[in-house]
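Numbering-wise (this note's numbering), the sequence shown opens with residue 1 and increments by one. Using N, Cα and C, we set each Cβ at its ideal position, and we do this for glycine too. For reference, the structure is listed below as structure tokens.
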Amino acid sequence: MFVGIATVDVVHRLERLVGPNEKVTALGQEISAGGPAANAAVTFARLGGHATLVTALGGHPLARYAADELAQHGVTVVDAAPDVTAPPPVSAIQVIDATGDRQVSSVNAGAHWAANPAEPPAGLPALVAAADVVLVDGHHPRLALAAARAGSTVVLDGGSWKPVLTELLPHVDYAVCSAVFPDAESLDVTHVAVTRGPDPVSWWSEGRSGRIPVPSVDVRDTLGAGDAFHGAFAYALTRGASFEEALEHGARIAALRCSVAGPRAWLEQL
Numbered sequence: 001m002f003v004g005i006a007t008v009d010v011v012h013r014l015e016r017l018v019g020p021n022e023k024v025t026a027l028g029q030e031i032s033a034g035g036p037a038a039n040a041a042v043t044f045a046r047l048g049g050h051a052t053l054v055t056a057l058g059g060h061p062l063a064r065y066a067a068d069e070l071a072q073h074g075v076t077v078v079d080a081a082p083d084v085t086a087p088p089p090v091s092a093i094q095v096i097d098a099t100g101d102r103q104v105s106s107v108n109a110g111a112h113w114a115a116n117p118a119e120p121p122a123g124l125p126a127l128v129a130a131a132d133v134v135l136v137d138g139h140h141p142r143l144a145l146a147a148a149r150a151g152s153t154v155v156l157d158g159g160s161w162k163p164v165l166t167e168l169l170p171h172v173d174y175a176v177c178s179a180v181f182p183d184a185e186s187l188d189v190t191h192v193a194v195t196r197g198p199d200p201v202s203w204w205s206e207g208r209s210g211r212i213p214v215p216s217v218d219v220r221d222t223l224g225a226g227d228a229f230h231g232a233f234a235y236a237l238t239r240g241a242s243f244e245e246a247l248e249h250g251a252r253i254a255a256l257r258c259s260v261a262g263p264r265a266w267l268e269q270l
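Printed below as a string of structure tokens:
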């Protein structure tokens, strides 16, 4: 099960970044659902898992588009805010064609839902009980806490520090963090890993530590690579993989994602 933010991503592929007061013609445009938990759920489903995403979307046409797009990729969406009529968060993304590097601007869930935080749906305990693994990204704090407190195996997508993590971390079994996450190796979590793009993944587990190499690929698109890593990592855990094996699986899938342009085209390679 995946708990966190779902966005609408508008992706423009460009020859170069747009400068101030400048207009450019994109080489291409794609629109998809996005967000850490949502993209991880898509990866998990494509690998063969049953993926349920608990998020907050609402009834706006853009929200319905995101829900439909996720459903097309095998994700069951549980909307904790079905009566909200405001548009969901929309991410504006530029991907440089030659390098695959990207720039993202968006509104995170904390700001977008500040006035009306998403509350855990009535059926959440049953969903958690049926899940082999629960991945949380912390973007909807009340949803994340409720799921983590009830989950037996909890994975944190530690893309960045969020205030809710003070309460959330005691319930986390696996923290897979980005390089910008502060002092990840010092977290009081049984299993911790830090991803660093193309560089090896560092990990710490029950007094041991090590590094996992990342496969080298011709990079076409880095958007959502970390999300793909987390989804593949979670899937490997449900198949009985060890911590190190799950990290290796995540690294392979993230590298594959980077080798194909577009937010969803790479899934055909799985």
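Span of the beta strand (DSSP E) around P200: Position 200 of the sequence shown, counting from 1, holds the residue named residue 200. Counting along the chain, the beta strand (DSSP E) containing P200 begins and ends at D199 to S205.
Is V42 helix, strand or coil when you go by DSSP? Taking the sequence shown and counting its residues from 1, one reaches residue 42 at position 42. It is helical.
Where does D9 sit, in a helix, a strand or coil, going by DSSP? The residue given as residue 9 occupies position 9 in the sequence shown. D9: strand per DSSP, three-state reduction.
Quick one: what does DSSP say L57 is sitting in, helix, strand or coil? The sequence position of residue 57 within the sequence shown is 57, counting from 1. It is coil, neither helix nor strand.
In three-state DSSP terms, what is L247? Translated into the one-based positions of the sequence shown, residue 247 becomes position 247. L247: helix per DSSP, three-state reduction.
I think V136 touches G4, with their Cβ atoms under 8 Å apart; what is that distance to the nearest whole Å? Within the sequence shown, residue 136 is the residue found at index 136, counting from 1. Within the sequence shown, residue 4 is the residue found at index 4, counting from 1. 6 Å between Cβ atoms; contact.
Figure out for me which residue from P200, V192, F2 and I253 has the closest Cα to the Cα of V78. Taking the sequence shown and counting its residues from 1, the one referred to as residue 78 is at position 78. Of the listed residues, the one whose Cα sits closest to V78 is F2.
For W204 and P36, I'd like the C-alpha separation in whole angstroms. Locating residue 204 in the sequence shown gives position 204, where the first residue counts as 1. Locating residue 36 in the sequence shown gives position 36, where the first residue counts as 1. If you take the alpha carbons of W204 and P36, they lie about 23 Å apart.
Taking only runs of the alpha helix (DSSP H) that begin and end inside the region 85 to 145, which ones reach a length of at least 4 residues, in chain order? 109 to 112 and 124 to 130
For Q29: DSSP bridge partner residues: Counted from its first residue, the sequence shown places residue 29 at position 29. Looking at the DSSP assignment, Q29 forms a beta bridge with H12.
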